[in-house]
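*Asks:* Under numbering that gives the first Met the number 0, the first residue of the sequence shown is numbered 0, with each subsequent residue one higher.
Please see the structure below; I have some questions.
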Amino acid sequence: MHMQFDKETIRNGHPENDFGSFPSNVGALKKRGLKSWLIGIFNEMKHIASRSLFTKYLFVTSTVLICSLIIFGIIMSTLISNRWRSEKQQQLADNAHIVADRMNAYVIPVPTRTGEGINATIQYVVTDTGKEKLRSTLGILSSSCGADIFIVDAQGTTVICSEEYLRADTSDDEEFRCRHQKKNISPSVIAAAARVREYRVTDRLGGIYDQNHFIVAVPFVAGGDVGKEYIAGFVFVASSASAISDFRSDVSRIVVVAVLIAAIISFCMVYMLTYKQVKPLREMVKAAQKYSDGDFTMRINFKSENEVGQLADALNEMGAKLAESETINRSFIANISHELKTPMTNISGYVNGLLDGTIPYEQQDKYLRIISDETKRLARLVRSMLDLSRIDSGAMQLKKQKFNLSEVIFQALLSFEHRIEEKHIEVQGFDGLDAITVNGDADLIHQVLYNLFDNAVKFTNEGGFIRVKASVQNKVVTVSISNSGIGVSTEELSHIFERFYKTDKSRSFDRQGVGLGLYIVKTIVTLHGGRIHAEGSEGNYCNIIFTLPEASEGSRMSSRAKKQSEDGTS
0 MHMQFDKETI
10 RNGHPENDFG
20 SFPSNVGALK
30 KRGLKSWLIG
40 IFNEMKHIAS
50 RSLFTKYLFV
60 TSTVLICSLI
70 IFGIIMSTLI
80 SNRWRSEKQQ
90 QLADNAHIVA
100 DRMNAYVIPV
110 PTRTGEGINA
120 TIQYVVTDTG
130 KEKLRSTLGI
140 LSSSCGADIF
150 IVDAQGTTVI
160 CSEEYLRADT
170 SDDEEFRCRH
180 QKKNISPSVI
190 AAAARVREYR
200 VTDRLGGIYD
210 QNHFIVAVPF
220 VAGGDVGKEY
230 IAGFVFVASS
240 ASAISDFRSD
250 VSRIVVVAVL
260 IAAIISFCMV
270 YMLTYKQVKP
280 LREMVKAAQK
290 YSDGDFTMRI
300 NFKSENEVGQ
310 LADALNEMGA
320 KLAESETINR
330 SFIANISHEL
340 KTPMTNISGY
350 VNGLLDGTIP
360 YEQQDKYLRI
370 ISDETKRLAR
380 LVRSMLDLSR
390 IDSGAMQLKK
400 QKFNLSEVIF
410 QALLSFEHRI
420 EEKHIEVQGF
430 DGLDAITVNG
440 DADLIHQVLY
450 NLFDNAVKFT
460 NEGGFIRVKA
470 SVQNKVVTVS
480 ISNSGIGVST
490 EELSHIFERF
500 YKTDKSRSFD
510 RQGVGLGLYI
520 VKTIVTLHGG
530 RIHAEGSEGN
540 YCNIIFTLPE
550 ASEGSRMSSR
560 AKKQSEDGTS
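Below you can see the structure in the form of structure tokens.
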């Protein structure tokens, strides 16, 4: 039965391709075995990665890098393979179009026997001369592109094949029939090829080939009596798809070698980088262990601007502060032991002397006064220790209220009336002192002023002076207490507010102090949000200046307070 395809009919048709299916199901047993194996590998990798930070970082980085290289290799291999396949199919299509364009010259219309006159059906066939020319053309093109080229008519029967030309070169068998002539092309393939200008598929072509081939089919047309164009046949070009597998294998081998080389180089670089990053962390662990054992001498020798470098600097700073704190604590214990031992030894010796009669009766009052002074010294020491403990524990809380700072200054100074008279000290500054209202803890501010006046009276020379000034500016009061006398050297000014610090000269003048007074003063002023500093000149004077916020200036001091000040300091 002869067939021919009208282009209009083909465009409106719905042909279907005959594609083979690929088996995708895997046995349940194999699935479970693969799943168990993957879980085991994952658990083992997780165990290895959790051993240390170095192992974890190296493992994760190497895994990500290797996986990235593998994925990159797979993508590159796929892209190259697809590119090669596309170029191969395009080469086949170009050859098919070359042959199809020449077919119109070798095709003639032949009426069939099923009709006569205008009712006759036209069939297009290739002339004998055309077959001879086409046979040689197909053979040459087939040899150049390494593909089978054959021409079929509209019914799918092979008319000319390149294998005939190649067979003729090697054999004299006139009865030779190529494999394309032994079996017709299926109607579904013919219909699909007729629908499009260029039909491409990877298939066995209905069993003509034993394995998949890249197949390109191009229709060629011939004109009819009424001006219509009909599809007279098709040019098929087929090339084995095994070549792409070989090409993909070659590309995969190249990619695998490249990935292995890159993975080895990357692993070495990651190892060195990881070791370099983890090394300072290991030193930090050693330093922390030494700090926990009480050894604060170790320092981490690592300089960097990143987070690890900042952590190393923080640990070094912590070690330095811990060492300083340890030194202070040891000094604290030594000072307290000495300060407690001296008055207790004196008290014990004098009491024993009084009890056994060693001290005569007429001198008992003198030594009782010494015992009283030593007892007061112990009381001051204990009070200072309690204040220090409250400061260190953060238990020192402010009980703020508004009070007259000028009256607190006068009350604190009045506590040293007897000592001021004994040393003939002149008190200056109360004449111009205004009433100043401050919002703060009156008891703690009284302690600040008491300690400052205690130092001033202690270190003022015979017939010297103590000058008091207080002024308010921008709601901040500035209090200055200065005195003449031994003064303070420039080198010692920055240390006098440290706890347990005593200047060399003060050790001979102040045998009853422990070096906590000014430290407590600074802490109280800081709690109030103020600042404190010292000025002075060795052998001339010392001036302590501190500020307090939330202050306001009022009227002058009451005449009663001024009179008491003048009477008490005359």
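Backbone N, C-alpha and C define an ideal beta-carbon position, used for all residues, glycine too.
Remember, it's a predicted structure, so these values are computed and weren't measured experimentally.
For Asn-351, which of helix, strand or coil comes out of DSSP?
*Replies:* In this structure, Asn-351 counts as helix in the three-state DSSP scheme.
*Asks:* Taking Leu-380 as the reference, which of Gln-400, Leu-397 and Ile-335 has the closest Cα?
*Replies:* It is Ile-335 whose Cα lies nearest to the Cα of Leu-380.
*Asks:* DSSP three-state call for Ala-119: helix, strand or coil?
*Replies:* Reliability of the predicted coordinates at Ala-119 is poor, the pLDDT of 45 falling under 50, and the value obtained from them is presented with this limitation in mind. Ala-119: coil per DSSP, three-state reduction.
*Asks:* Could you check the C-alpha separation between Lys-320 and Lys-285 for me, to the nearest Å?
*Replies:* One C-alpha to the other measures close to 18 Å.
*Asks:* Leaving aside the five residues before and after Lys-87 along the sequence, list all residues of the same chain whose C-beta is less than 7 Å from its C-beta, in chain order.
*Replies:* Excluding sequence neighbours, Lys-87 sits near Phe-213 and Ser-238.
*Asks:* Should the stretch 272-291 be regarded as contacting the stretch 235-253, the criterion being three or more beta carbon pairs within less than 8 Å?
*Replies:* With a cut-off of 8 Å, the stretch 235-253 and the stretch 272-291 do not count as touching, because too few Cβ pairs lie within range.
*Asks:* If you count every other CB in all the chains shown that lies within 10 Å of the CB of Arg-382, and 16 or more means buried, which is it?
*Replies:* By the neighbour-count rule (16 or more Cβ atoms within 10 Å), Arg-382 is not buried but exposed.
*Asks:* Could you tell me the distance, in whole angstroms, from the CA atom of Phe-545 to the CA atom of Leu-353?
*Replies:* About 47 Å.
*Asks:* When the Cα atoms are used, what is the spatial distance from Met-241 to Arg-84?
*Replies:* Reading off the sequence shown, one finds Ser at residue 241, where the question assumed Met. Going from the Cα of Ser-241 to the Cα of Arg-84 covers about 11 Å.
*Asks:* In the DSSP output, which residue or residues are listed as bridge partners for His-445?
*Replies:* Per DSSP, none; premise fails for His-445.
*Asks:* Here's a check: name, in chain order, each residue in its chain whose Cβ is nearer than 8 Å to the Cβ of Leu-397, leaving out the five neighbours to either side.
*Replies:* So the list reads Gly-439, Asp-440, Leu-443, Leu-526 and His-527, once near-sequence residues are dropped.
*Asks:* Apart from the five residues on each side of it in sequence, which residues of its chain come closer than 7 Å, Cβ to Cβ, to His-96?
*Replies:* The answer, listed in chain order, is Val-217.
*Asks:* Assign Arg-647 to buried or exposed, taking buried as 16 or more other Cβ atoms, counted over all protein chains shown, within 10 Å of its Cβ.
*Replies:* The displayed coordinates of the chain run from 0 to 569. Any statement about residue 647 would go beyond what the structure contains.
*Asks:* With DSSP as the reference, label Thr-459 as helix, strand or coil.
*Replies:* Thr-459 falls in the coil class under three-state DSSP.
*Asks:* Which of the three DSSP states, helix, strand or coil, is assigned to Cys-541?
*Replies:* Looking at Cys-541 - three-state DSSP - the assignment turns out to be strand.
*Asks:* Below 8 Å CB to CB, which residues in the same chain sit around Asp-355 once its five sequence neighbours on both sides are set aside?
*Replies:* None.
*Asks:* Suppose you measure from the CA of Arg-418 to the CA of Ala-311; what does that come to, to the nearest Å?
*Replies:* C-alpha separation (whole angstroms): 54 Å.
*Asks:* Spatial neighbours of Ile-139 within its chain, please: CB distance less than 6 Å, with the 5 preceding and 5 following residues excluded, ordered by chain position.
*Replies:* Result list for Ile-139: empty, nothing under 6 Å.
*Asks:* Taking 8 Å as the cut-off, decide whether the C-beta atoms of Thr-584 and Thr-60 are in contact.
*Replies:* Any question about residue 584 goes unanswered here, given that the chain covers just 0 to 569.
*Asks:* Where do the N-terminal and C-terminal ends of the beta strand (DSSP E) with Tyr-290 fall, by residue?
*Replies:* First-last for Tyr-290: 241-291, but that is the alpha helix (DSSP H), not the beta strand (DSSP E).
*Asks:* Helix, strand or coil: which one does DSSP assign to Gly-232?
*Replies:* Three-state result, Gly-232: strand.
*Asks:* Quick check on the DSSP output: the alpha helix (DSSP H) that includes Phe-464 runs from which residue to which?
*Replies:* From DSSP, Phe-464 is part of no alpha helix (DSSP H) but of the beta strand (DSSP E) over 464-472.
*Asks:* In terms of residue numbering, what span does the alpha helix (DSSP H) encompassing His-417 cover?
*Replies:* 416-421 is the span of the alpha helix (DSSP H), which, as asked, contains His-417.
*Asks:* Does the beta carbon of Ile-243 fall short of 7 Å from some heavy atom of the ligand COA?
*Replies:* Absence of the ligand COA from the depicted structure is noted, as is the absence of any ligand whatsoever, leaving it without description.
*Asks:* According to DSSP, which residues form a beta bridge with Leu-547?
*Replies:* According to DSSP, which records beta bridges pairwise, Leu-547 is partnered with Val-476.
*Asks:* Which residue's Cα is closest to the Cα of Ile-346: Gln-154, Arg-376 and Thr-326?
*Replies:* Checked all of Gln-154, Arg-376 and Thr-326; the closest Cα to Ile-346 is Arg-376.
*Asks:* Using the Cβ count rule (16 or more neighbours within 10 Å means buried), how would you classify Tyr-540?
*Replies:* By the 10 Å Cβ count, Tyr-540 comes out buried.
*Asks:* Sort Val-255, Leu-412, Tyr-518 and Tyr-229 by Cα distance to Ile-70 and report the nearest one.
*Replies:* The residue with the shortest Cα to Cα distance from Ile-70 is Val-255.
*Asks:* Taking C-alpha atoms, which residue in Val-236, Ala-455 and Phe-458 lies nearest to Arg-203?
*Replies:* Checking every option, the nearest Cα to that of Arg-203 belongs to Val-236.
*Asks:* Can you give me the Cβ contacts of Ile-370 inside the same chain, cut-off strictly under 8 Å, excluding the 5 residues immediately before and after it?
*Replies:* Counting only Cβ-Cβ distances below 8 Å, and skipping sequence neighbours, we find Asn-345, Ile-346, Tyr-349 and Val-350.
*Asks:* Looking at C-alpha atoms only, which residue of Ser-135, Tyr-270 and Gly-428 is the closest neighbour of Tyr-56?
*Replies:* Cα-wise, what sits closest to Tyr-56 is Tyr-270.
*Asks:* In its own chain, which residues sit with a C-beta less than 6 Å from the C-beta of Phe-452, not counting the 5 before and 5 after it?
*Replies:* Cβ within range, chain order: Ala-411, Leu-412 and Phe-415.
*Asks:* In three-state DSSP terms, what is Pro-359?
*Replies:* Reduced to three states, the DSSP call for Pro-359 is coil.
*Asks:* For Thr-201, which of Lys-132, Val-215 and Ala-191 has the nearest alpha-carbon?
*Replies:* Taking only the C-alpha atoms, the option nearest Thr-201 is Val-215.
*Asks:* Could you tell me if Gly-462 is buried or exposed, where buried requires 16 or more neighbouring beta carbons within 10 angstroms of its beta carbon?
*Replies:* Classification for Gly-462: exposed.
*Asks:* May I ask which residues mark the beginning and end of the alpha helix (DSSP H) holding Asp-430?
*Replies:* No alpha helix (DSSP H) contains Asp-430, which DSSP labels as neither H nor E.
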